[in-house]
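Report on the following structure.
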Amino acid sequence: KLNIGVDTIQHGVEGLVYLLTESSKLMASIPFLDFQDSIHVLGFSDELNKSLLQLYLDNRKEIRSILGELAPRLPSYHSLEWRLDVQLATRSLRQQIKTAVTMKLHLNQNEDQTAQVLQTDPATLLHLIQQLEQALGEMKMNHCRRIVRNMK
Amino acid sequence: QRFRFCGDLDCPDWVLAEISTLAKISSVKLKLICAQVLRDLLGEAIEYDKILKLTSDAKLESGDVKATIAVLGFILSSAAKHNVDSESLSSELQQLGLPKEHASGLCRSYEEKQSSLQDRLRACSLRLSQLGSVCWRVDYTLSSSELQEVNEPVVHLTFNVRDRECEKMTAVPVTVSANKFRVLLAELKQAQTLMNTLL
Chain A
218 KLNIGVDTIQ
228 HGVEGLVYLL
238 TESSKLMASI
248 PFLDFQDSIH
258 VLGFSDELNK
268 SLLQLYLDNR
278 KEIRSILGEL
288 APRLPSYHSL
298 EWRLDVQLAT
308 RSLRQQIKTA
318 VTMKLHLNQN
328 EDQTAQVLQT
338 DPATLLHLIQ
348 QLEQALGEMK
358 MNHCRRIVRN
368 MK
Chain B
55 QRFRFCGDLD
65 CPDWVLAEIS
75 TLAKISSVKL
85 KLICAQVLRD
95 LLGEAIEYDK
105 ILKLTSDAKL
115 ESGDVKATIA
125 VLGFILSSAA
135 KHNVDSESLS
145 SELQQLGLPK
155 EHASGLCRSY
165 EEKQSSLQDR
175 LRACSLRLSQ
185 LGSVCWRVDY
195 TLSSSELQEV
205 NEPVVHLTFN
215 VRDRECEKMT
225 AVPVTVSANK
235 FRVLLAELKQ
245 AQTLMNTLL
């Protein structure tokens, strides 16, 4: 429809994509006016500059959220199945009472689902819970609070 | 405030928030939606279009429809999980602000399916592997490269084990001599007697 070669259009699209992603990426260091100044250098018409600016402003939040998703990720928690068993007897020994908690930890990593099977006795489980609660408790300490406040 | 259907814990905030959405649907339609949600919990296919039709009168947005299904799923499965009877469930839901007719309709659907729901939850519980079947064959060894006259019976067993993680059946073949097999059988019978004392 535009009567231009495929290559030119591809380069044009790539150029626009680069312009928008780079501007969105560096958003914090490019306040409102600087975007205009930066593209002014390219020597387009004023009207084109205005529509580019509008395109940038309209889409930058979405572009930023998509760029945020692209960062490499560690496996993250999906779900945890558990069961509580009591071992009453084995081939070698009868009249036992041995409790065990068996868990299946489901993890997500970039659309892959993996599962890890773990088993522990109640004492270790309590210790695990205590450690995790301590970790959560760190968030309420002054040091963490100061950092969170400064980030906001 | 503690609720039995939440496992004697506080009711989650999101459940509390969705109770008002449930109240927007008529109690008759809510009971029908419950039936659909129960189908999903029991592993049958859920008919989403029917639910959309039932909620169209209440003019719910698509987010609200999904929230309704989620909260009904939670209430029904959590009540089954903690073995709550339908009367207690009804009174607890009313304490949360669900109107009486809605609560009784929901609880009637729950009561009908409570034991099937619990059976299903029991079947879905964590299990690492499961014995599918056992095949056996008794052979009589006449002779071997080591000894000319062997003349001994031998049992071939194949255990078909289903690995819960990858849903695959693995065949585990085992060959047992007659004496070893007798020991194995005796021990397993002891284990069976122990299991029977617990039933």
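So the sequences go chain by chain: A and B.
By the count of our numbering, the first sequence reaches residue 369 at its end, each step adding exactly one.
By the count of our numbering, the second sequence reaches residue 253 at its end, each step adding exactly one.
For every residue, glycine included, the Cβ atom is placed at its ideal position computed from N, Cα and C.
Can you find the residues in the same chain that come closer than 8 Å, C-beta to C-beta, to residue i, ignoring five residues on each side of it along the sequence?
{"i": "B/Thr75", "result": "Leu114, Asp118, Ala121, Thr122 and Val125"}
{"i": "B/Leu96", "result": "Lys167, Ser170, Leu171 and Arg174"}
{"i": "B/Ala232", "result": "Glu206, Pro207, Val208 and Val209"}
{"i": "A/Gln313", "result": "Gln304, Leu305, Ala306 and Thr307"}
{"i": "B/Glu203", "result": "Leu196 and Ser197"}
{"i": "B/Phe235", "result": "Val209"}
Quick one: what does DSSP say residue i is sitting in, helix, strand or coil?
{"i": "A/Glu298", "result": "strand"}
{"i": "A/Pro292", "result": "coil"}
{"i": "A/Leu343", "result": "helix"}
{"i": "A/Arg379", "result": "In the structure as shown, chain A starts at 218 and stops at 369, and residue 379 of chain A therefore has no counterpart that could be examined."}
{"i": "A/Val258", "result": "coil"}
{"i": "B/Val119", "result": "helix"}
{"i": "B/Lys113", "result": "coil"}
{"i": "B/Ala99", "result": "coil"}
{"i": "A/Leu335", "result": "strand"}
{"i": "B/Gln55", "result": "coil"}
{"i": "B/Asp67", "result": "helix"}
{"i": "A/Asp224", "result": "helix"}
{"i": "B/Leu139", "result": "The sequence shown places Asp at residue 139 of chain B, rather than the Leu named in the question. Three-state DSSP puts B/Asp139 in coil, outside helix and strand."}
{"i": "A/Gln330", "result": "strand"}
Nearest by alpha-carbon distance to residue i: which of the options is it?
{"i": "B/Glu98", "options": "B/Ser170, B/Leu253 and B/Leu242", "result": "B/Ser170"}
{"i": "A/Leu233", "options": "A/Gly222, A/Asn220, A/Leu265 and A/Asp251", "result": "A/Leu265"}
{"i": "B/Leu63", "options": "B/Gln244, B/Glu146 and B/Val237", "result": "B/Glu146"}
{"i": "A/Leu237", "options": "A/Ile226, A/Leu269, A/Leu259 and A/His257", "result": "A/Leu269"}
{"i": "A/Leu274", "options": "A/Gly229, A/Thr316, A/Ser240 and A/Gln351", "result": "A/Ser240"}
{"i": "B/Asp187", "options": "B/Glu203, B/Thr224, B/Glu155 and B/Arg218", "result": "In the sequence as displayed, the identity of residue 187 of chain B is Ser instead of Asp. Closest by alpha carbon: B/Thr224."}
{"i": "B/Ile79", "options": "B/Glu101, B/Arg58, B/Glu155 and B/Gln55", "result": "B/Glu155"}
{"i": "B/Leu108", "options": "B/Leu239, B/Gln202, B/Leu248 and B/Lys83", "result": "B/Lys83"}
{"i": "B/Gln148", "options": "B/Ser110, B/Glu203 and B/Ile73", "result": "B/Ile73"}
{"i": "A/His295", "options": "A/Asp251, A/Asn327, A/Leu310 and A/Val258", "result": "A/Asn327"}
{"i": "B/Ser163", "options": "B/Phe235, B/Asn250, B/Val69 and B/Ser81", "result": "B/Ser81"}
{"i": "B/Pro227", "options": "B/Ala240, B/Thr212 and B/Val237", "result": "B/Thr212"}
{"i": "A/Leu284", "options": "A/Thr341, A/Leu243, A/Leu345 and A/Leu272", "result": "A/Leu243"}
{"i": "B/Gly151", "options": "B/Arg218, B/Thr251, B/Cys65 and B/Thr247", "result": "B/Cys65"}
{"i": "B/Phe59", "options": "B/Thr229, B/Asp103, B/Gly159 and B/Glu141", "result": "B/Glu141"}
{"i": "B/Thr229", "options": "B/Tyr102, B/Pro153 and B/Tyr194", "result": "B/Tyr194"}
{"i": "A/Pro292", "options": "A/Arg362, A/Asn325 and A/Glu350", "result": "A/Asn325"}
{"i": "B/Lys85", "options": "B/Arg56, B/Glu241, B/Gly61 and B/Leu130", "result": "B/Leu130"}
{"i": "B/Leu242", "options": "A/Gln348, A/Asp251, A/Ser309 and A/Gly222", "result": "A/Ser309"}
Under the criterion of a Cβ to heavy atom distance below 6 Å, does residue i qualify as lining the ligand NAD?
{"i": "B/Arg236", "result": "Summarising the ligand content, the structure contains no ligands, and the ligand NAD is consequently not present."}
Mind checking which residues open and close the beta strand (DSSP E) that includes residue i?
{"i": "A/Lys315", "result": "Lys315 to Gln326"}
{"i": "B/His210", "result": "Glu206 to Asp217"}
{"i": "B/Val188", "result": "Ser183 to Thr195"}
{"i": "A/Met358", "result": "Careful: A/Met358 lies outside any beta strand (DSSP E) and carries neither H nor E."}
Return the first residue and the last residue of the alpha helix (DSSP H) that residue i is part of.
{"i": "B/Cys60", "result": "No alpha helix (DSSP H) contains B/Cys60, which DSSP labels as neither H nor E."}
{"i": "B/Val228", "result": "Where B/Val228 is concerned, there is no enclosing alpha helix (DSSP H), although the beta strand (DSSP E) it sits in stretches over Lys222 to Ser231."}
{"i": "A/Gly285", "result": "Asp263 to Glu286"}
{"i": "B/Lys167", "result": "Lys154 to Cys178"}
Using a Cβ-Cβ cut-off of 6 Å (strictly less than) and excluding sequence neighbours within five positions of residue i, which residues of its own chain qualify?
{"i": "B/Leu216", "result": "For the record, residue 216 of chain B in the displayed sequence is Arg; it is not Leu. Cβ within range, chain order: Gln184, Gly186 and Met223."}
{"i": "B/Ile105", "result": "Ile87 and Gln90"}
{"i": "B/Ala112", "result": "Lys78 and Ile79"}
{"i": "A/His323", "result": "His295, Ser296 and Ala332"}
{"i": "B/Val237", "result": "none"}
{"i": "B/Leu160", "result": "Cys88"}
So, at 7 Å on beta carbons, what are the nonlocal neighbours of residue i in its own chain, with the 5 sequence-adjacent residues on each side left out?
{"i": "B/Val192", "result": "Pro207 and Val209"}
{"i": "A/His257", "result": "Asn266"}
{"i": "B/Glu165", "result": "Ser140"}
{"i": "B/Trp190", "result": "Val209, His210 and Leu211"}
Contact between the segment 84-93 of chain B and the segment 116-136 of chain B: three or more CB pairs below 8 Å?
-> yes
Counting pairs of beta carbons, one from the segment 133-142 of chain B and one from the segment 166-182 of chain B, are three or more of them closer than 8 Å?
-> yes
Is the segment 353-366 of chain A touching the segment 324-341 of chain A, taking contact as three or more C-beta pairs under 8 Å?
-> no
Touch test, the segment 287-302 of chain A against the segment 315-325 of chain A, Cβ-Cβ under 8 Å, three pairs minimum | The segment 287-302 of chain A vs the segment 315-325 of chain A: in contact.
Would you say the segment 176-186 of chain B touches the segment 197-204 of chain B, given that touching needs at least three Cβ pairs under 8 Å?
-> no
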